[in-house]
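Enquirer: When we follow this note's numbering, the leftmost residue of the sequence shown carries the number 319, and every step to the right adds one.
Quick one: this structure, given as structure tokens, is what I'll be asking you about.
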Amino acid sequence: MEARDFKEELLELLEASRFGSKEYTPYQIFIKALYELQKEDIEDILSGEKAREDLPKSKVNLAEFQEDAVKRAFSRLRKYRGVLVADSVGLGKTWIA
């Protein structure tokens with residue numbers, strides 16, 4: 319099967335879409351993608367719904383940013399039944415796991 323040029327068709331579809339000819343910067347696209355990935359957490363925080371997660375008690379004292387990472391990991395575990403912990407050095411991956 320030979321490839322078909324659909325550039326004109328694609329341009330027509332894009333022009334007819336709600337985005338029209340509006341161009342977005344890479345930053346705007348990044349922020350939108352980030353928002354879509356974190357939307358539930360953001361909405362829960364803004365509504366005050368998830369102010370306190372039911373987390374197991376930690377055996378060590380964690381800094382606030384480490385507790386936030388634990389909460390995010392715990393949330394992903396509940397939602398997806400798995401999580402990949404990949405923070406920077408010194409952020410408490412050992413304790414999160």
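Yeah, the Cβ is synthetic: ideal placement off N, Cα and C, and Gly gets one too.
1. When you compare the CB positions of GLN388 and ARG394, do they come within less than 8 Å of one another, or not?
2. Contact check, LYS411 vs VAL403 under 8 Å by CB: the rounded distance?
3. Leaving out five residues on either side along the sequence, give the residues of the same chain with a beta carbon under 8 Å from the beta carbon of LEU329.
4. Starting from ALA381 and walking both ways along the alpha helix (DSSP H), at which residues does that stretch end?
5. Measuring straight from C-alpha to C-alpha, what distance separates ALA381 and LYS325?
6. Thinking C-beta only, is PHE392 closer than 8 Å to LEU296?
7. Is DSSP giving PRO374 helix, strand or coil here?
Expert: In terms of the structure at hand:
1. Here residue 388 is Val; the residue named in the question, Gln, does not match the sequence. Against a cut-off of 8 Å, the Cβ pair of ARG394 and VAL388 comes out as no contact.
2. 5 Å
3. none
4. That residue, ALA381, is in no alpha helix (DSSP H); it is neither H nor E in DSSP.
5. 52 Å
6. Because the chain is modelled from 319 through 415, residue 296 falls outside the range shown and cannot be assessed.
7. coil
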